[in-house]
Amino acid sequence: MSSGFEVATRARVQMVDVTPEVRAALRASGVVDGLCVVFVPHTTAAVTIQENSDPDVQRDVVAALARMVPDDPPGAGYRHLEGNSPAHVKASLLGNSVAVPVEGGELALGTWQGIYLFELDGPRSRRVRVSIVSG
Amino acid sequence: MSSGFEVATRARVQMVDVTPEVRAALRASGVVDGLCVVFVPHTTAAVTIQENSDPDVQRDVVAALARMVPDDPPGAGYRHLEGNSPAHVKASLLGNSVAVPVEGGELALGTWQGIYLFELDGPRSRRVRVSIVSG
Amino acid sequence: MSSGFEVATRARVQMVDVTPEVRAALRASGVVDGLCVVFVPHTTAAVTIQENSDPDVQRDVVAALARMVPDDPPGAGYRHLEGNSPAHVKASLLGNSVAVPVEGGELALGTWQGIYLFELDGPRSRRVRVSIVSG
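The listed protein sequences correspond, in order, to chains A, B and C.
Yeah, the first sequence ends on 244 if you go by our numbering, and it's all consecutive.
Yeah, the second sequence ends on 244 if you go by our numbering, and it's all consecutive.
Yeah, the third sequence ends on 244 if you go by our numbering, and it's all consecutive.
Okay, structure coming up:
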């Protein structure tokens with residue numbers, strides 16, 4: 110069973126906690142045991158699981174990605190003319206989806222895990238799909 | 110239901126659009142609602158979802174990965190004697206599979222999304238598995 | 110159907126082959142055709158598929174990740190006070206789960222593929238969940 114929701118991001122690069130929306134989709138599905146996949150139909154956004162406690166973790170992840178995939182690397186200009194190639198690269202590194210086991214009708218997330226839409230070329234309106242299969 | 114196909118890659122590092130083959134596998138399965146996983150049984154190739162419009166995006170992704178995981182980083186030689194350690198590293202960064210929701214008998218890909226076999230140590234003949242489960 | 114096991118890691122950063130434990134979980138499930146997802150409920154550990162033959166591949170992957178996400182990058186100190194931000198970053202790059210097709214009651218892994226728990230902030234006791242759905 111699939112459903113979806115939209116997220117309005119507010120910065121160029123931003124992690125948005127979508128765990129509540131995913132939990133709501135799981136409850137609506139009625140699935141007790143199986144697998145929940147969260148997917149973004151975009152190529153300059155991603156989905157990742159990360160710590161939901163200290164917001165500095167998100168800042169550090171965003172900053173580390175910017176160091177790894179800099180906006181204008183010396184001596185090697187990007188060719189894609191839209192100017193958002195770093196966002197495309199980061200999307201492939203982070204991935205378009207996460208899969209979380211469903212156990213007892215709940216997401217089997219660890220205590221500190223949250224599911225994040227990772228905006229890489231915002232601000233924009235982004236769609237998120239939640240696909241749930243029974244075990 | 111699982112099926113598969115082969116891809117003959119033609120360069121050391123190359124992104125090959127396999128969306129048509131995955132769509133054909135989905136149609137053959139008859140699954141209307143569920144999840145489609147595309148998997149490579151290799152450790153020097155990967156699968157990623159990326160923009161299918163401007164080929165410069167693929168060139169930028171390939172070039173950015175080469176900067177992040179250089180063939181011969183100064184002061185830190187690779188130990189693996191086959192000489193393809195960068196390919197192994199990139200495979201773990203990109204991942205061996207992607208998961209795409211199936212809705213109404215179709216892949217729920219975004220308008221600009223394509224599914225790519227990512228050759229990292231070619232040219233070679235590569236196998237791709239498509240695994241489809243009902244929702 | 111979900112099950113799990115624990116792994117006691119023995120180093121700060123370490124790849125631990127958990128393929129035998131995942132195979133045992135698959136056999137216990139009785140599933141013949143479908144999908145097997147291996148998931149870690151942690152944000153400073155990951156799961157990846159990598160070569161299981163030459164241990165130097167694992168050393169090269171660990172070393173390459175340390176170069177990409179250094180412990181103390183010049184001019185850009187991490188904010189998260191626990192001191193394990195690089196582990197969080199690497200976890201998002203590698204991913205919290207892998208998905209492997211199940212065919213004929215077996216994991217459809219390639220000859221050289223193993224499933225690895227990737228400890229990024231050890232040594233610790235880590236939990237691994239195995240979620241199997243029928244095709």
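Note that the Cβ used here is the ideal one computed from N, Cα and C, for glycine as well.
### Task
Compute the Euclidean distance between the alpha carbons of serine 206 (chain B) and valine 242 (chain B), then round it to the nearest angstrom.
By 1-based counting over the second sequence, the position of residue 206 (chain B) is 97. By 1-based counting over the second sequence, the position of residue 242 (chain B) is 133. Those two C-alpha atoms are separated by around 15 Å.
### Query
With a CB to CB cut of under 7 Å and the five nearest residues on each side skipped, what residues in its chain are close to glutamate 212 (chain A)?
If you number the first sequence from 1, residue 212 (chain A) lands on position 103. Apart from the 5 residues on each side of it in sequence, glutamate 212 (chain A) sits with its Cβ closer than 7 Å to the Cβ of Asp142 in its chain, given in chain order.
### Task
Could you tell me whether any Cβ in chain F is nearer than 8 Å to the Cβ of arginine 168 (chain B)?
Checking the listed chains, one finds no chain F in this structure; the protein chains it contains are A, B and C.
### Task
Starting from glutamine 159 (chain A), find everything on chain C with Cβ-Cβ shorter than 7 Å and list it in chain order.
The residue given as residue 159 (chain A) occupies position 50 in the first sequence. What glutamine 159 (chain A) touches in chain C: Thr152, His197, Ser201.
### Message
Beta-carbon within less than 7 Å of phenylalanine 227 (chain C)'s beta-carbon, same chain only, minus the 5 sequence neighbours each way: which residues are those?
### Response
Taking the third sequence and counting its residues from 1, the one referred to as residue 227 (chain C) is at position 118. Excluding residues within five positions, the ones whose Cβ falls inside 7 Å are Met124, Ala154, Ala155, Val156, Thr157, Leu203.
### Message
Using the Cβ count rule (16 or more neighbours within 10 Å means buried), how would you classify proline 179 (chain B)?
### Response
Within the second sequence, the letter at position 70 stands for residue 179 (chain B). The residue is exposed, with fewer than 16 neighbouring Cβ atoms inside 10 Å.
### Query
What are the boundary residues of the beta strand (DSSP E) that includes arginine 132 (chain A)?
Position 23 of the first sequence, counted from the start, is the residue given in the question as residue 132 (chain A). Segment 128-138 is the alpha helix (DSSP H) holding arginine 132 (chain A); no beta strand (DSSP E) there.
### Query
Counting pairs of beta carbons, one from the region 189-203 of chain B and one from the region 214-228 of chain A, are three or more of them closer than 8 Å?
Segment contact: the region 189-203 of chain B against the region 214-228 of chain A, fewer than three CB-CB distances shorter than 8 Å; contact not assigned.
### Query
Looking at C-beta atoms only, is the number of pairs between the region 158-178 of chain A and the region 220-240 of chain A that lie closer than 8 Å three or more?
Because the criterion of three Cβ pairs below 8 Å is met, the region 158-178 of chain A and the region 220-240 of chain A touch.
### Message
For the structure I just gave you, are there three or more beta carbon pairs, one from the region 133-151 of chain A and one from the region 113-132 of chain B, closer than 8 Å?
### Response
At 8 Å Cβ cutoff, the stretches do not touch.
### Message
Along the chain, where does the beta strand (DSSP E) containing arginine 235 (chain A) start, and where does it finish?
### Response
Start at 1 with the first residue of the first sequence, and residue 235 (chain A) comes out as number 126. Looking at the DSSP string, the run of the beta strand (DSSP E) that includes arginine 235 (chain A) is 234-243.
### Task
Say whether chain C places a C-beta atom closer than 8 Å to the C-beta of alanine 208 (chain B).
For this step, residue 208 (chain B) is matched to residue 99 along the second sequence. Yes, its Cβ sits closer than 8 Å to a Cβ of chain C.
### Task
Give the straight-line distance between the Cα atoms of alanine 175 (chain A) and glutamine 167 (chain B), rounded to the nearest whole angstrom.
Along the first sequence, read from residue 1 onward, the residue named residue 175 (chain A) stands at position 66. Along the second sequence, read from residue 1 onward, the residue named residue 167 (chain B) stands at position 58. Inter-residue distance for alanine 175 (chain A) and glutamine 167 (chain B) is about 19 Å (C-alpha atoms, whole angstroms).
### Query
Considering only the beta carbon of each residue, do arginine 233 (chain B) and glutamate 115 (chain B) sit closer than 8 Å?
Counting from 1 along the second sequence, the entry for residue 233 (chain B) is found at position 124. Counting from 1 along the second sequence, the entry for residue 115 (chain B) is found at position 6. Against a cut-off of 8 Å, the Cβ pair of glutamate 115 (chain B) and arginine 233 (chain B) comes out as no contact.
### Query
Taking Cβ positions only, does glutamine 246 (chain B) come closer than 8 Å to chain A?
As displayed, chain B neither begins before 110 nor continues past 244, which places residue 246 (chain B) out of reach and without an answer.
### Query
Looking at the C-beta of valine 242 (chain C), does it have a partner C-beta in chain A at a distance below 8 Å?
Reading the third sequence from its first residue, position 133 is the one you call residue 242 (chain C). Yes, because at least one Cβ of chain A sits closer than 8 Å to the Cβ of valine 242 (chain C).
### Query
What are the start and end residues of each continuous beta strand (DSSP E) run of 3 or more residues lying completely inside the region 192-228 of chain A, in chain order?
Segments of the beta strand (DSSP E) lying fully in the region 192-228 of chain A: 206-212, 222-228.
### Residue of A:Gly186, A:Asp169, A:Ser201 minimising C-alpha distance to glycine 186 (chain C)
Indexing the third sequence from 1 puts residue 186 (chain C) at position 77. Among A:Gly186, A:Asp169, A:Ser201, the Cα nearest to that of glycine 186 (chain C) belongs to A:Asp169.
### Query
At a CB-CB cut-off below 8 Å, which residues of chain B make contact with leucine 218 (chain C)?
As a working note, residue 218 (chain C) is residue 109 in the third sequence. Simply Pro150.
### Whole-angstrom distance between serine 201 (chain C) and valine 237 (chain C), CA atom to CA atom
By one-based count along the third sequence, residue 237 (chain C) stands at place 128. By one-based count along the third sequence, residue 201 (chain C) stands at place 92. Cα-Cα distance, rounded: 17 Å.
### Task
Please look up how many angstroms separate the CB atoms of serine 240 (chain B) and glycine 139 (chain C), rounded, as I've assumed it's under 8 Å.
Position 131 of the second sequence, counting from 1, holds the residue named residue 240 (chain B). Position 30 of the third sequence, counting from 1, holds the residue named residue 139 (chain C). That belief does not hold up - the Cβ atoms of serine 240 (chain B) and glycine 139 (chain C) are roughly 18 Å apart, past 8 Å.
### Query
Would a check of beta-carbon distances place arginine 188 (chain A) closer than 8 Å to chain B?
Residue 188 (chain A) sits at position 79 when you count from the first residue of the first sequence. Yes, arginine 188 (chain A) lies at the interface with chain B (some Cβ there is under 8 Å from its Cβ).
#### Entry: Extent of the continuous beta strand (DSSP E) run through alanine 155 (chain C)
By 1-based counting over the third sequence, the position of residue 155 (chain C) is 46. Segment 154-160, the beta strand (DSSP E) holding alanine 155 (chain C).
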